[in-house]
Structure formats: structure tokens, C-alpha cells
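In what follows, a structure is listed as C-alpha cells, so that the remarks can point back to it.
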Amino acid sequence: MPKVLFIQPTQYARDGRKLATQKRIHLPGLVFPLLAAYTPPHWEVEVCIEVVDRVPFDTDAELIGIGAMGYAIFRALEIAREFKKRGKTVFMGGYMASMVPDEVLAGGPDCVVIGDAEKSYPRLLADWERDGRLARIYDEPVDDLAGLPLPRYELLTAKPIGNMLPVQAGRGCPHLCSFCSIACIYKGRYMTRPVDEVMRDILRVKELGFSSFYLIDDNIVGNPGYLESLVERIRPLKMTWASQCSLNLARNPGLLKKVADSGCNILSFGLESITQDGLDKLNKKWVKVSEHRELLERIADAGIMPSTEMMVGLDSDTEQSIRDTFKFVHDARVPIPRFYILTPMPGSELYAQFKAEGRLLHEDWPRYDGSQCVHRPEKISPEKLTEMYWWLNKKVFSLPSIAHRVLGRKQALLHPKDTLFALVVNLHYRHYLQRGIIPNIF
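So this is what it looks like as C-alpha cells:
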């Protein structure tokens, strides 16, 4: 029986030596259970999630599949090279591998799967079974998400995980923000799965004993009619769920209420910045900074806890605007914030622009980790920006700030379970920052 080993690498701390590990996977990914469902029954499948597992370099698997997000790509390449030394066949996928496949191929693996894998992966397995060889690149985009098989969730439930499992609703995003990897891969396409098939997966999650799920979708309000149909089906299940979304949801009070009534308790929003000029230059003019506070309040008042992602280092940023970013998060009592330095990731429109303008400090990609400045902003020096980024994180994730933002919210007592979750997440982020690691939920 042939065997494939899937690996999700973790990431290194800032010193490049210590790996980020933890006792539990709070937000497990879906790609490996889904690919496992595409794997023929005569194959054995094993999954390693490095944040909780040790990579089994002595595995008897002949084929190694590695998928990595963002900065973890460099640990992924390190793992790929080690398996190649041991005579294994290695393929890689994920956003970074898809954006710069030639550079990734030069780093170790036998091949790269670009973008969606539903068509490429079965062909890859067939090629390997035929003569033990793989094409250098597999690139077969998916135009329709209908007919995806039921993910093999048991590969996740065998791990130490949190209280939710992932379910996919859509892929892509209708927007084309210049810094975004999703825009690079999907180029403005937004695809949704049939509601009946999404519900099939949610019911399987419930059958497995979970009362919560994470709805994977890069912008769940990208198709308001679809979202309305979906939440009407979810509501009778009496489950709780989370996802990511744009603040446009708060502009539709009727839909916002239906989303909240269906059990949605946490949504993540890409606010990006408190400076409009900087957002406009990143092709995100549809986000209005002047509305951030009001729209977040509408979300919170509906009973949904907002989580936010923001960047510093936009061309409109100054030392004062970064201090003002802390004040905004503090005053708005954002319960779960995350911050990154604007990073022109290789393969993105922003990278091409900054390179053409001569604004890249270097092309040492392992340093493109979102925690250090790698370009020349217009109004602040790269050194000061990096300094202020860590200042911002230290201020936001100080114990007084956590208490103010999480326990001091007017909704805190109304939703005690969500408040406790937010408190745990903030302390989790604080722990990572103290180790020099960019905060994330694995």
C-alpha cells in the first residue's frame, strides 16, 4: 500500500532558531482532510501538523506533501530538503508556493501544486503511480466548487484540537488589493459551494460531537444572497460559528441580524489601517477609515465579537499614526486585534511595484515575515517602523490593555464564553510576542 505524508510546518521565532509549538491546535486547517478524501482507497494517508507534532523524518511514506502559509514557507523548504536527502519524493503547495513556484522549486521539492489542488492532486498521484515521477508544476484551476467530497475530519480529531472544525463555504475574493495573496491567486474571482454541500459538512461536524465550526471563506459577505441562504439553513442547528468578512456586513442591518441569529459569534475583519490615503494606494478604497469605529460597534452590538487585522508601514504611516493605531484599538476596545508590517510578498502586485520603484531594501525573503520592514515607506524610516511595530504589539498586548479591551467591553458580561475565548487568545498572542514570534492562531 503506497503512503502519502502531509505536513503543515510551523514557523520560527525572530532569532531563526526556536520553532513555535503548542499543546493544542486551536484552528485546524481543511486542506489535508480534503485532499485525503481525494486520495484513492489503496493509499495510506498520514498527517503531521508540526505545531503539535514532530516531523517523522524516518517515515515509510514514499510521497511527502507539504503545505505552508506565509512565513512558514521557509521551514517548509527546510523540511523538503531533508526529505529529499532521504530519497523521498516531495511536492509543495499553498499561497507562497503558488505565487513564486520557480523560486520554491529551486529550494528543494520535486514539484509545486499551484492554487487549487482538486484536479492537480489526483493527477499527481496517478503520475507517481505510473512511473514514480512528477511534473515540475501542476496548475489546474478549479472553476466550480460543486461536488467536493466530505473531508476526512478524523485526521484532525485524532490530534489535540480546540472546540471547532473547519467547513469551507467559498474561495477567493471579489476585491483586488495589491498586497493580498488571495488576489494574486484568484484575480478577483469569488466562488461559493452549493449550500446543500456546505450543510452536509456542517452536519458531519455536529455528528462528530462539535457544537462549533469555522466557516472558511476569504470574504463571506462577498455574495450577500448566498450568505443569507446559508445562515437560514444554519440557524436551526443551534451551533456557533466564526469566519472572516468585510465590514460591508455592518452596512446591511437585516443580513447582520440573520448572521448573528444563526449562531455567528466571531468575525475577523481586515481593517488594515486608520489612514485612508494609505489604503487607497493599496487598491482598497472601498474600505472607509472614517467608518471603522461605527461599523465595529454595529457588529459588536449585534452580538458578534469582532477580530481585526491591521498593517503598519503604509505610505501614509508616521510614528504618530502608529501611536494613533494603538489609541484606536484601545478606545474601540477591539477584543482580538492582530498587526503586521506591510510586506510586499514576492509574486504580489505590491512587490512588483516596489521593486520597479527601487523601494525594496533587499530580497532576503526569510526576512519577509511581517515583523520587520523590508521596504522604504514614504514618511517613516524602516528602522523606526520596525521599532514602532514591536512597540505597538507590546502596548496592545500588555495586561492593562487586554483587561480594558476584553473585560471592559459592554458586551463582556452578555457573552461570557466569547469573552473568555478572547481573553485566552490575547494571552496566547502575548505569549508568542514575548518569544519574538508574530501572533497567530494555529
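Just so you know, we're using this note's numbering here: the sequence shown kicks off at 1069 and counts up by one. Note that the Cβ used here is the ideal one computed from N, Cα and C, for glycine as well.
Identified DSSP bridge partners for Ile1205
Under DSSP, Ile1205 shares a beta bridge with Val1180.
Val1380 versus Tyr1457: straight-line alpha-carbon distance, rounded
As the crow flies, the alpha-carbon of Val1380 is around 7 Å from that of Tyr1457.
Is the distance from the Cβ of Leu1467 to the Cβ of Phe1407 below 8 Å?
Contact flag unset, no.
Quick check for students: name the residue ranges of the beta strand (DSSP E) that lie wholly in the region 1232 to 1300, counting only runs of 3 or more.
Taking 3 residues as the minimum length, the beta strand (DSSP E) runs contained wholly in the region 1232 to 1300 are 1232 to 1236, 1238 to 1240, 1258 to 1260 and 1280 to 1284, in order along the chain.
Starting from Phe1440, trace the beta strand (DSSP E) in both directions and tell me its first and last residue.
As written in the sequence, residue 1440 is Gln, which differs from the Phe given in the question. No beta strand (DSSP E) holds Gln1440; DSSP gives it neither H nor E.
Smallest Cα separation from Leu1131: which of Tyr1206, Ala1105, Pro1217 and Glu1114?
Relative to Leu1131, the option among Tyr1206, Ala1105, Pro1217 and Glu1114 whose CA is nearest is Glu1114.
What separation, rounded to the nearest whole angstrom, lies between the Cα atoms of Leu1495 and Tyr1436?
Those two C-alpha atoms are separated by around 25 Å.
Rank Pro1262, Pro1242 and Phe1247 by C-alpha distance to the C-alpha of Lys1255 and give the top, closest one.
Closest in C-alpha terms to Lys1255, from the list Pro1262, Pro1242 and Phe1247, comes Pro1242.
In chain order, what residues of the same chain lie with their CB nearer than 7 Å to the CB of Gly1476, ignoring the 5 residues before and after it?
In chain order, Arg1401 place their CB closer than 7 Å to the CB of Gly1476, counting only its own chain and leaving out the 5 sequence neighbours on each side.
In terms of residue numbering, what span does the beta strand (DSSP E) encompassing Val1158 cover?
Where Val1158 is concerned, the enclosing beta strand (DSSP E) stretches over Thr1157 to Gly1161.
Between which two residues does the beta strand (DSSP E) containing Glu1114 stretch?
For Glu1114, the uninterrupted beta strand (DSSP E) run begins and ends at Glu1112 to Ile1117, by DSSP.
For Ile1229, I'd like the list of residues in its chain whose CB is within less than 8 Å of its CB, leaving aside the five on either flank, ordered along the chain.
So the list reads Arg1092, Ile1093, His1094 and Pro1096, once near-sequence residues are dropped.
Check each candidate in Pro1412, Val1299, Trp1433 and Arg1268 and name the one with the smallest Cα separation from Ala1424.
The shortest C-alpha separation from Ala1424 is found at Pro1412.
Using the beta-carbon count (16 or more within 10 Å), is Asp1178 buried or exposed?
When all chains shown are included, Asp1178 counts as buried.
Under 8 Å, do Glu1362 and Lys1352 count as touching if we go by C-beta distance?
Against a cut-off of 8 Å, the Cβ pair of Lys1352 and Glu1362 comes out as no contact.
Residue nearest to Leu1224 in terms of C-alpha spacing, selected from Leu1233, Arg1272 and Leu1216:
If we check each option's Cα against that of Leu1224, Leu1233 comes out closest.
Terminal residues of the continuous beta strand (DSSP E) containing Ser1311?
Element bounds for Ser1311: Thr1308 to Cys1313.
Using the C-alpha atoms, what's the distance from Leu1073 back to Arg1154?
Distance between the alpha carbons of Arg1154 and Leu1073 is about 14 Å.
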